[in-house]
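S.K.:
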Amino acid sequence: QSVLTQPPSVSAAPRQKVTVSCSGSSSNIGNNYVSWYQQLPGTAPKLLIYENNKRPSGIPDRFSGSKSGTSATLGITGLRTGDEADYYCGTWDTSLSAYVFGTGTKVTVL
Amino acid sequence: EVQLVESGGGLVEPGGSLRLSCTTSGFTFSSYTMNWVRQAPGKGLEWVSSISDSSGYIYYADSVKGRFTISRDNARNSLYLQMNSLRVEDTAVYFCVRAPYSRSSDLTHWGQGTLVTVPS
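Chains A and B, in that order, give the protein sequences.
Following my numbering, the numbering of the first sequence begins with 1 at its first residue and continues without gaps.
Following my numbering, the numbering of the second sequence begins with 1001 at its first residue and continues without gaps.
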């Protein structure tokens, strides 16, 4: 069972905005950076956001991340059909001495 | 360009063993922490194990502790996962993943994965 909780799915029309939440605890999100991963159908996951709100080279600024307390949020603006994918949050859990992932959220473009 | 290529997956009976390998290129392998992450068919991501650059820090998920062993050969730029006492629930695609340091939250580079199947 995942330590981090995400909504199973979110959806919006093209060019609109969606947000994906990730809820944890003080032993993971509360005291460590959060990363976000995008997994397009049939492919390996890709790092989308690191250290809460930074984007790796090549990731458009339509993708953003934030963290507050024991929760984190991924934002996607100007939604495109190519953004349809599963999104996962992840972080190190100090108490478990383990990396933990969120339950995953499927983003659908209506 | 960073490249991570997994191999060694396949079909293995419950209770059997398998050794996965990850061959890397395009970066100084000995400077990075490496991880194994798996994904069961139709399910989410599950972290399996992590090994620091010099093998000084090793961590395992509770679900594989005592059955799986992570190791690395910095001279060969390779990462390994020895899987023993395999169970049906170990069926998954196993990804080799690079991280900047031990206990990092950033899994920056992923391989394409290798499928391990343990039939019921």
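Ideal Cβ placement from N, Cα and C applies to all residues, glycine included.
1) Which residues mark the beginning and the end of the beta strand (DSSP E) in which A/D93 is found?
2) Helix, strand or coil: how does DSSP classify B/N1035 here?
3) Please list, in chain order, the chain A residues whose beta carbon lies closer than 8 Å to that of B/T1108.
4) Please classify A/G102: does DSSP put it in a helix, a strand, or coil?
5) Taking contact to mean at least 3 C-beta pairs separated by less than 8 Å, is the region 1022-1032 of chain B in contact with the region 36-47 of chain A?
6) In terms of alpha-carbon separation, which member of B/P1014, B/R1087, B/S1030 and B/F1095 lies closest to B/V1048?
7) By alpha-carbon positions, which one of B/Y1080, B/I1070, B/R1038 and B/L1086 ends up nearest to B/G1113?
8) Please list the partners that B/R1103 has in chain A, where partner means a Cβ-to-Cβ separation under 9 Å.
9) In three-state DSSP terms, what is A/G30?
10) Once you ignore the five residues that flank A/L110 on each side, which residues in its own chain have a CB closer than 8 Å to its CB?
11) Roughly how many angstroms lie between the CA atoms of B/P1014 and B/S1085, to the nearest whole one?
12) Is B/D1053 buried or exposed, if buried means 16 or more other CB atoms sit within 10 Å of its CB?
13) Using only alpha-carbon positions, find the residue among A/Q6, A/S25 and A/F101 that is nearest to A/T111.
M.R.: Short version:
1) A85 to D93
2) strand
3) L47, Y50 and P56
4) strand
5) no
6) B/F1095
7) B/R1038
8) N32, W92, T94, S97 and Y99
9) helix
10) S11, A12, A13 and P14
11) 7 Å
12) buried
13) Residue 111 of chain A falls outside the range modelled here, since chain A spans only 1 to 110, and no answer is possible.
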